[in-house]
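Colleague: Numbering-wise (numbering that gives the first Met the number 0), the sequence shown opens with residue 0 and increments by one.
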Amino acid sequence: MGARTLSTAGMLSISTGLVGLSWLGPDASTTAIVWPLVLLGVGGVPFHPPSNSATLNTIPPEHLRVANGFLSMARARADSSWTPFWGGNSCGLSTGGNHGTARRGGVCDARG
Numbered sequence: 000m001g002a003r004t005l006s007t008a009g010m011l012s013i014s015t016g017l018v019g020l021s022w023l024g025p026d027a028s029t030t031a032i033v034w035p036l037v038l039l040g041v042g043g044v045p046f047h048p049p050s051n052s053a054t055l056n057t058i059p060p061e062h063l064r065v066a067n068g069f070l071s072m073a074r075a076r077a078d079s080s081w082t083p084f085w086g087g088n089s090c091g092l093s094t095g096g097n098h099g100t101a102r103r104g105g106v107c108d109a110r111g
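Right, here's the structure in full:
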């Protein structure tokens, strides 16, 4: 299977997940939210490696170290920017939506 086929399949999965998320309303169940997120994650697996490879193949050899470092930094930045979002949402889901009202000393306890 070629890189273009993998990238196309991954992008279709990502697009389908984004469309699925856009159709959700405020009363969507957890299950209805999870399946588009799974499609987003599954779509990233075949999409990102060929995309990164194609990007780095356009860089002159003397600049590859800088370009690869920039790509790694951008990936780390994207990963770290989602941490507060997922942490806040997991606390909301684990406490039934009552943020900061978990048992005292718990992970989501707002009082510390």
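The beta carbon of each residue, even a glycine, is placed where N, CA and C say it ideally should be. Computed from a predicted structure; not experimentally measured.
1. The alpha helix (DSSP H) with residue 47 in it runs from where to where?
2. Could you tell me the boundaries of the alpha helix (DSSP H) in which residue 10 lies?
3. Do residue 14 and residue 50 have their C-beta atoms closer together than 8 Å?
4. Go ahead and pull the three-state DSSP assignment for residue 68.
5. Rounding to the nearest angstrom, what Cα-Cα distance links residue 124 and residue 77 in this structure?
6. Please work out which residues of its chain come closer than 8 Å, Cβ to Cβ, to residue 63, disregarding the five sequence neighbours upstream and downstream, and give them in chain order.
7. Using only the alpha-carbon positions, how far apart do residue 39 and residue 16 sit?
8. Report the rounded CA-to-CA distance for residue 53 versus residue 46, giving the unit in angstroms.
9. For residue 19 and residue 35, I'd like the C-alpha separation in whole angstroms.
10. At the level of alpha carbons, what is the spacing between residue 23 and residue 11?
Modeller: Result, derived from the coordinates:
1. 29–56
2. 2–21
3. no
4. helix
5. Lying before the first or after the last residue shown, residue 124 is absent from the chain, which here runs from 0 to 111.
6. 55
7. 5 Å
8. 11 Å
9. 5 Å
10. 19 Å
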